[in-house]
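Novice:
In the UniProt record's numbering, the protein residues as written are 1 to 122.
1) Using DSSP with H/G/I as helix, E/B as strand and the rest coil, what is residue 122?
2) How is the beta strand (DSSP E) around residue 74 delimited, first residue to last?
3) Helix, strand or coil for residue 18 per DSSP?
4) By DSSP's criteria, residue 61 is part of a beta bridge. Which residues make up the other side?
5) When you compare the CB positions of residue 26 and residue 33, do they come within less than 8 Å of one another, or not?
6) Near residue 51, which residues of its chain fall below 8 Å by C-beta distance, leaving aside the five closest residues on each side in sequence?
7) May I ask you to report which of helix, strand or coil DSSP gives residue 69?
8) Assuming the contact rule is C-beta atoms closer than 8 Å, residue 58 and residue 88 should be a hit. Round their C-beta distance to whole Å, please.
9) By how many angstroms is the C-alpha of residue 71 removed from the C-alpha of residue 98?
Given below as structure tokens:
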């Protein structure tokens with residue numbers, strides 16, 4: 001793709017496939033050339049277990065709340081709060097009592113629902 005063929009992309013989240021990667025969590029992802037963006041809906045108390053990946057990760061709590069764990073640090077985040085996690089840093093999260101709507105971006109782009117992952121089935 002040359003620079004002249006590239007165009008901005010408007011993402012309509014409701015038009016993307018929705019996945020259920022973990023109990024109590026649904027999400028959709030858009031893959032760009034160098035960045036991917038995902039919206040996740042976490043039910044109250046939903047758990048994202050400890051994991052890591054090579055991608056830098058930005059997250060923004062859009063509504064509800066989330067407790068983010070990185071090493072010994074636990075951070076209570078509410079709507080309007082965000083986080084930035086460098087690649088390879090183990091992290092986990094637990095949704096608050098009213099759940100959480102979370103926007104996440106990854107660089108370089110990563111598909112949180114790769115076809116080889118059994119959780120990728122919509």
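Don't be surprised by glycine CBs; every beta carbon is placed ideally from N, CA and C. This structure is a prediction, so every number in the text was calculated from the model and none was measured.
Specialist: The answer reads as follows:
1) Counting from 1 along the chain shown, the entry for residue 122 is found at position 122. Residue placement at residue 122 is flagged as unreliable, the pLDDT there being 45, under the threshold of 50; a coordinate-derived value is accordingly withheld.
2) As a first step, residue 74 is located in the chain shown; it is residue number 74 there, counting from the start. 73 to 78 is the extent of the beta strand (DSSP E) around residue 74.
3) The residue labelled residue 18 in the question sits at position 18 within the chain shown. Coil at residue 18, not helix or strand.
4) In the chain shown, the residue the question calls residue 61 occupies position 61. Its beta-bridge partners are 102.
5) One-based indexing of the chain shown puts residue 26 at position 26. One-based indexing of the chain shown puts residue 33 at position 33. Contact check for residue 26 against residue 33 fails: the beta carbons are separated by 8 Å or more.
6) Mapped onto the chain shown, residue 51 falls at position 51. Cβ neighbours of residue 51 beyond the five flanking positions: 90, 91 and 92.
7) Here the question's residue 69 lines up with position 69 in the chain shown. Strand, per DSSP.
8) Here the question's residue 58 lines up with position 58 in the chain shown. Here the question's residue 88 lines up with position 88 in the chain shown. Actually they do not touch by this definition, with Cβ atoms about 16 Å apart.
9) By 1-based counting over the chain shown, the position of residue 98 is 98. By 1-based counting over the chain shown, the position of residue 71 is 71. Take the alpha-carbon of residue 98 and the one of residue 71: they are about 25 Å apart.
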